[in-house]
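Engineer:
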Amino acid sequence: VGSNVGVEWRFEGETAALLRFSPGFYGSEFGDSDDFNIPVTFGFAFKPSPSFAAGVGFYYNQFRAYQIAPLVGFRWIISPEWRVTSRLPDLNVIYSPSDDWEFDVGIRAPGGGFKNATSEKNRPGRKLDYIEVRARAGVRYEGFKPLNLYLTAGWSFIRRFRYGEFDEEYKTDGAPYVGLEAGADF
Numbered sequence: 039v040g041s042n043v044g045v046e047w048r049f050e051g052e053t054a055a056l057l058r059f060s061p062g063f064y065g066s067e068f069g070d071s072d073d074f075n076i077p078v079t080f081g082f083a084f085k086p087s088p089s090f091a092a093g094v095g096f097y098y099n100q101f102r103a104y105q106i107a108p109l110v111g112f113r114w115i116i117s118p119e120w121r122v123t124s125r126l127p128d129l130n131v132i133y134s135p136s137d138d139w140e141f142d143v144g145i146r147a148p149g150g151g152f153k154n155a156t157s158e159k160n161r162p163g164r165k166l167d168y169i170e171v172r173a174r175a176g177v178r179y180e181g182f183k184p185l186n187l188y189l190t191a192g193w194s195f196i197r198r199f200r201y202g203e204f205d206e207e208y209k210t211d212g213a214p215y216v217g218l219e220a221g222a223d224f
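Here you go:
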């Protein structure tokens, strides 16, 4: 269970900076103080043209095997309806035919660093890296202001679990997935 708390600064021109903290319990025993972690994201973005923006930064997570990872990304507005966004390794192509509808396809690589419960038989209290690579398509509807809905579906074709301390890695077969998100913009 985690949350996001952050601040974004906008400077003269088209430059911005972001600092985000994601405190929470990233283990299998909710409330165990050993499972508490505060991943941090820090980055800068700049906009060299009205249709292109790029960013660089880093991500820190004490539960990952590689605790500090670089972040690189961009946003390219091809036309009012089409744009391409990337924060490596994620890549999305987005089509917005109206203010209320948005369709996208892309590749996403979610993951994280976690700790096993101390009561687990295998590797109790040990750090576990998890990564997935997904091909997906989605649709967002924002016609119920301030609410928005996002439906996504795809195929997870790489799923890897790694105990870095023991140099052990487990992989699973690919699988389909469906997700539904609801949010509000104020």
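All you need for this note's numbering is the position in the sequence shown, starting with 1, plus 38.
For every residue, glycine included, the Cβ atom is placed at its ideal position computed from N, Cα and C.
1. Rounded to the nearest angstrom, what separates Tyr79 and Tyr97 at their Cα positions?
2. Quick one: residues in its chain with C-beta nearer than 7 Å to the C-beta of Ser135, no 5 flanking neighbours on either side, listed in chain order?
3. Look up Glu207 in the DSSP assignment and say whether it is helix, strand or coil.
4. Considering only the alpha carbon of each residue, which of Lys209, Asp223, Trp193, Glu203 lies closest to Val216?
5. Compute every distance between the C-beta of Arg121 and the non-hydrogen atoms of the ligand FMN, then say whether any falls below 7 Å.
6. Alpha carbons only, please: which of Val122, Gly149, Glu46, Gly181 is nearest the one belonging to Arg172?
7. Between the C-alpha atoms of Phe101 and Phe224, what's the straight-line distance to the nearest angstrom?
8. Helix, strand or coil: how does DSSP classify Asp138 here?
Structural biologist: Result, derived from the coordinates:
1. It should be pointed out that residue 79 corresponds to Thr in this sequence rather than to Tyr. If I take the Cα positions, the gap works out to 5 Å.
2. Reading the sequence as shown, one finds Pro at residue 135 and not Ser. Taken in chain order, the residues that qualify are Glu119.
3. strand
4. Trp193
5. No copy of the ligand FMN appears in this structure; indeed no ligand is present at all.
6. Gly149
7. 33 Å
8. coil
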